Amino acid sequence: MKPELSVVIPVYNEEAGLAKLFARLYPALDNLAARGITYEVVFINDGSRDNTPALLADQYRLRPDVTRVVLFNGNYGQHMAILAGFEATRGEIVVTLDADLQNPPEEIGALVDKMREGYDYVGSIRRKRQDSAWRTYASKAMNRFREKITRIKITDQGNMLRAYGRNVINLINQCSEVNTFVPALAYTFARKPTEITVEHEERSAGESKYSIYSLIRLNFDLMTGFSIMPLQWFSMLGMVLSVLSGGLVLLLLIRRFVLGAEAEGLFTLFAIAFFMMGVILFGIGLLGEYVGRIYQQVRGRPRYVVQTILEQSSADLPDAN
Numbered sequence: 001m002k003p004e005l006s007v008v009i010p011v012y013n014e015e016a017g018l019a020k021l022f023a024r025l026y027p028a029l030d031n032l033a034a035r036g037i038t039y040e041v042v043f044i045n046d047g048s049r050d051n052t053p054a055l056l057a058d059q060y061r062l063r064p065d066v067t068r069v070v071l072f073n074g075n076y077g078q079h080m081a082i083l084a085g086f087e088a089t090r091g092e093i094v095v096t097l098d099a100d101l102q103n104p105p106e107e108i109g110a111l112v113d114k115m116r117e118g119y120d121y122v123g124s125i126r127r128k129r130q131d132s133a134w135r136t137y138a139s140k141a142m143n144r145f146r147e148k149i150t151r152i153k154i155t156d157q158g159n160m161l162r163a164y165g166r167n168v169i170n171l172i173n174q175c176s177e178v179n180t181f182v183p184a185l186a187y188t189f190a191r192k193p194t195e196i197t198v199e200h201e202e203r204s205a206g207e208s209k210y211s212i213y214s215l216i217r218l219n220f221d222l223m224t225g226f227s228i229m230p231l232q233w234f235s236m237l238g239m240v241l242s243v244l245s246g247g248l249v250l251l252l253l254i255r256r257f258v259l260g261a262e263a264e265g266l267f268t269l270f271a272i273a274f275f276m277m278g279v280i281l282f283g284i285g286l287l288g289e290y291v292g293r294i295y296q297q298v299r300g301r302p303r304y305v306v307q308t309i310l311e312q313s314s315a316d317l318p319d320a321n
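Take 1 as the starting number for the sequence shown in the UniProt record's numbering and just add one per residue.
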């Protein structure tokens, strides 16, 4: 029997916090089961180098009826792990959850209740973020900037506690994008999206796997993967600079014939030249982001490689008779 709810949890080097996650996740889901909501939990081990795979295997042996574990052969990133989890799910409602307990598992029920109202995508907004101040402000600024570029309205893009309908999951599973941002991709497919407010807690153990560089790369994937507006903006900037440069040349020619040769403006010309070179290099880098994504896509390599899947086979299921 297919479960109504599938919970997808990507895991990378989380051995310090997995025991706390198990202790809160399964009771929360068992409470939903008491309400008649059948469930499964799909863990995706994203190439962890610590004892995480063994802990996930132990948990599978404890609860094989509701637990499945997908083991990657390497590290492919959080969003590739989520996509692998989507392909493995069977539920009509799919909820993504981080393994660090910053999003309480007890909030899953609120997302399920909202989905049952007829929505096919439910995002979440952290009521009181427990991140550092710089990360909170940076995230809010990037959210506003991203919305202007992509026209995708996600209030809290850094929060992975989200629910997706089966219609959205099926469409995502048909995609073969190498670089993507799962919540934004789902938003483009959703017929009736909405958001709710949820609690947010401090990380239970370990450290965040997202460095500043990783966050910058993630936002590049988001903006270049869902909009060509940055290229359009740069094209318009190039036209404006061309007009200004032509005006400057004309002004210098007039000054040359009216006032004669001058040496005082040499450093001004250097400054203008360096500014133009900076703009050109930025444009080349921006174009390179798009070309690089095309290059990765046309190679046709697998987005991830699954080493093994721990799941209960049909032969192991109890006989309905």
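Think of the CB as a built atom: it goes at the ideal place given N, C-alpha and C, for glycine as much as any other residue. Values in this document were obtained by computation on a predicted structure and should not be read as measured data.
- The DSSP-derived three-state label of residue 127 is coil.
- Collapsing the DSSP output to three states places residue 235 in a helix.
- Spatial neighbours of residue 165 in its own chain (CB-CB distance under 6 Å, excluding positions within 5 residues in sequence) are listed in chain order as 120.
- The stretch 41-60 and the stretch 15-27 touch, with three or more beta-carbon pairs separated by less than 8 Å.
- The DSSP assignment places 18-34, 52-62, 78-88, 108-115 and 133-150 as complete runs of the alpha helix (DSSP H) inside the UniProt domain "Glycosyltransferase 2-like" (6-152), in order along the chain (cut-off: 4 residues).
- Annotation for residue 162: the continuous beta strand (DSSP E) segment containing it runs 162-165.
- Separation of the CB atoms of residue 195 and residue 283 is rounded to 35 Å, and the pair is thereby denied contact status at 8 Å.
- Sequence-distant Cβ neighbours of residue 248 in its own chain, meaning closer than 8 Å and more than five residues away, are 272.
- Taking the Cα of residue 179 as reference, the smallest distance to any Cα among 62, 293 and 156 is reached at 293.
- Under the three-state reduction of DSSP, residue 289 is assigned to helix.
- When 287, 101, 89 and 76 are compared, the shortest CA-CA separation from residue 2 is found for 89.
- Of the candidates 99, 281, 251 and 181, 251 places its Cα closest to the Cα of residue 269.
- With contacts defined as CB atoms closer than 7 Å, residue 45 and residue 15 fail to qualify as a contacting pair.
- Contact between residue 304 and residue 84 holds, since their C-beta atoms are separated by about 6 Å, short of 8 Å.
- Around the Cβ of residue 240, a 10 Å sphere holds fewer than 16 other Cβ atoms; the residue is exposed.
- Secondary structure note for residue 188: its alpha helix (DSSP H) is the uninterrupted segment 182-189.
- When DSSP states are grouped into helix, strand and coil, residue 240 belongs to the helix group.
- Between residue 112 and residue 163, the beta carbon gap of about 7 Å places them in contact (Cβ cut-off 8 Å).
- In the structure shown, residue 306 adopts extended strand secondary structure according to DSSP, grouped into three states.
- Taking a 10 Å sphere around the C-beta of residue 280, we find fewer than 16 other C-beta atoms and assign the residue as exposed.
- In the structure shown, residue 3 falls within a coil segment according to DSSP collapsed to helix, strand and coil.
- Nearest Cα to residue 127 within the set 60, 277 and 201: 201.
- In the three-state DSSP reduction, residue 168 falls in the helix class (H, G or I).
- In this structure, residue 8 places its C-beta atom within 7 Å of the C-beta atom of residue 96.
- Counting only residues of its own chain and dropping the five nearest sequence neighbours on each side, residue 82 has a CB closer than 7 Å to the CB of 8, 10, 96 and 182.
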